[in-house]
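Okay, so the sequence shown: first residue is 0 according to numbering that gives the first Met the number 0, each after it adds one.
Positions of the beta carbon are idealized from the N, C-alpha and C atoms, including for glycine.
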Amino acid sequence: MFVRDRLAGRFVRPPLPGLRRRAGCDRGRAATAWPLCPAGWGGRGAHRPDVPAPVRLSDGGLVPRPSGGGGEPGGCGGGARGDLALTRVSFTKAPPTSAGPSPAAARTESQTVRIVIADDPGSSLGQKTPAVVSRARYGSAVVAPYRLDLTVSVLRRLSSNVVDVLSPEGHYLRAIEGPTGLATVRVEQTDPGSLRVTITGDAAEHRPILALIGRMLGTDRDVTPFERAAATLPWLGPLAARMLGVKPPRYASLWETFVNVVAFQQLSLPAATAIVRRLILAFGRSIESDGRSLFAFPSAQTVLAAEDGALRATGLSANKVATLRQAGEALASGGLSEARLEQLSSAEVATLLQQIKGIGPWTAAVILLRGLGRLDVFPLDDTSVARNLALVAGSTRLDVTEVLEALRPQQGMLYYHLLLARLEARGEVGRASYPRSI
């Protein structure tokens, strides 16, 4: 049997089972063309210290292999066999794309690590198409002023969120479920006008993931109209000044939006966050990244395939389970596709969403805000609005209708600022996520 070696452009014979070392597999070989090695990296010296640790395919995800183990020093290593049939690592300049870099994002480092993985026909991974696993850094321009810590804070709500993670260094970490498996993303702010995005996963998925992360973090959103209007309101101006740079985030998908909004209906932040957390831990897939477990948000297919009892065990009420099932069916049928909703006005989308039992005006408005990035809406029926306004305005008596009118057409940014005021009071703004491992 021969396996296609994509990098070399030829067919090669996989290593024989049990082979610990093969000719040419020594430390003297050039680092730009490592030899083909049997599955199971290990042993000190198995990889250069300036190169990311080798990875293994685990349930479709990338997991760093430990550097220690039973392999020979400086060789291909031993360890468990059966993970991969063939692994080849090389360091190469990434090929230019025909379309070139997008205006909002450009690669800052073209040196990448590519790992060609061919599935072991005898393993549980099945006959998947081999993927080129690559780690690359990209530069992403943002509309200044921009603050990553504030934007991630309103995206995740609380630091106990296990999907949207903020590291102690202030980096945003996320696992993304792609067509060929899990990918990891690390975002760091390098200066007021740009972000650095590191993606580890299938090389073919880097560009779509980069675009998705930009949309989630609102990198191209200009909220100057809100900032100017907020500065004219004495009770709101100081908060807006402290939170200058926050951008409206969006969840990665409409399904993720439905779950995060429906679960929060009529519940406190800690209670609702705990429910979503249990749902993710029960049904989401995880991947190790820099010693931390990152969880991908579970797909609609996975969640809806579960029994009602399993979903209720996470803390969801029977009514909320029914609402999510109906929403999932509407998404699967295309009736609530993002492409369709993007063509409709906010009022039309709200009317469509409220056809789902369990979704009222407040839920529809938050879905528009967090799922579609619409800033011309505000969840008026939110029971916490009055409490949050009192937190910001103090003894100032406010007419909410007049306030929203003054902030048009971006009155939705008030929702995020009121949330930030609440998080600020709790010490949650920019707080590192916890725990490090779960």
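Only exposed fits Lys356, as fewer than 16 other CB atoms lie within 10 angstroms of its CB.
Counted as a single uninterrupted DSSP element, the beta strand (DSSP E) harbouring Ser285 occupies residues 285 to 288. Following the DSSP letters along the chain, one finds Gly177 in no alpha helix (DSSP H) but inside the beta strand (DSSP E) bounded by residues 171 to 177.
Taking the CA atoms as reference points, Phe294 sits about 29 Å from Arg339. Counting along the chain, the unbroken alpha helix (DSSP H) around Ile208 starts and ends at 205 to 215. Pairwise C-beta distances place the segment 266 to 283 out of contact with the segment 358 to 367, as fewer than three of them are shorter than 8 Å. Contact between Arg146 and Gly244 holds, with the beta-carbon distance rounding to 3 Å and staying under 8 Å. Residue state for Asp221 is assigned as coil, using DSSP reduced to three classes. Looking at the DSSP output, Glu187 bridges to Arg195. One thing to note: Leu422 has its Cβ no nearer than 8 Å to the Cβ of Pro269.
Annotated as proximal: Ala299 and Gly327, with beta-carbon spacing under 8 Å. Three or more pairs of CB atoms, one per stretch, sit closer than 8 Å, so the segment 369 to 380 contacts the segment 244 to 253. With respect to Phe225, Leu406 sits close: the two C-beta atoms are nearer than 8 Å. When secondary structure is reduced to three states using DSSP, Phe282 falls in the helix class.
By the criterion of at least three beta-carbon pairs nearer than 8 Å, the segment 190 to 200 is not in contact with the segment 303 to 320. Around the Cβ of Val399, a 10 Å sphere holds fewer than 16 other Cβ atoms; the residue is exposed. When secondary structure is reduced to three states using DSSP, Leu165 falls in the strand class. Contact between Asp219 and Val153 is absent: CB atoms are separated by about 17 Å, not below the 8 Å threshold.
Shown here for Arg276: same chain residues with a beta carbon closer than 8 Å to its own, the five before and five after excluded, namely Ser159, Asn160, Val161 in chain order. In the three-state scheme derived from DSSP, where H, G and I count as helix and E and B as strand, Gly236 is classed as helix.
The beta carbon of Gln409 sits closer than 7 Å to those of Val222, Pro224, Phe225, Leu374, all from its chain and outside the five residues before and after it, given in chain order. In this structure, Pro378 lies near Ala364, with their beta-carbon atoms less than 8 Å apart. Phe257: member of the alpha helix (DSSP H) spanning 253 to 261, first to last residue. Distance from the Cα of Pro297 is smallest, within the candidate group Tyr137, Leu181, Leu266, Thr362, for Leu181. Your pair Gly411 and Leu368 checks out as a contact, with CB atoms roughly 5 Å apart and the cut at 8 Å. Out of Asp148, Val132, Ser332, Leu149, the CA that lies nearest to the CA of Gly177 is found in Val132.
The Cβ-Cβ distance between Thr256 and Ile366 falls below 8 Å. Scanning the segment 381 to 425 from its first residue to its last, the whole alpha helix (DSSP H) runs of 4-plus residues come out as 384 to 392, 399 to 406, 411 to 425. Under DSSP, Val275 forms no beta bridge with any residue. Using a Cβ distance threshold of 8 Å, Val261 and Lys319 count as a contacting pair. In this structure Tyr171 is buried. Its beta-carbon is surrounded by 16 or more other beta-carbon atoms within 10 angstroms. In this chain, Leu343 is not harboured by any alpha helix (DSSP H), its DSSP state being neither H nor E. Beyond the five residues adjoining it in sequence on each side, Leu352 comes within less than 7 Å, by CB distance, of Ile358, Ala363, Ile366 in the same chain, given in chain order.
DSSP places Ala135 in the strand class (E or B) of the three-state scheme.
Ranked by Cα distance from Ser139, the first of Thr150, Gln188, Ala174 is Gln188. In the DSSP assignment, Arg369 falls within the unbroken alpha helix (DSSP H) covering 360 to 371.
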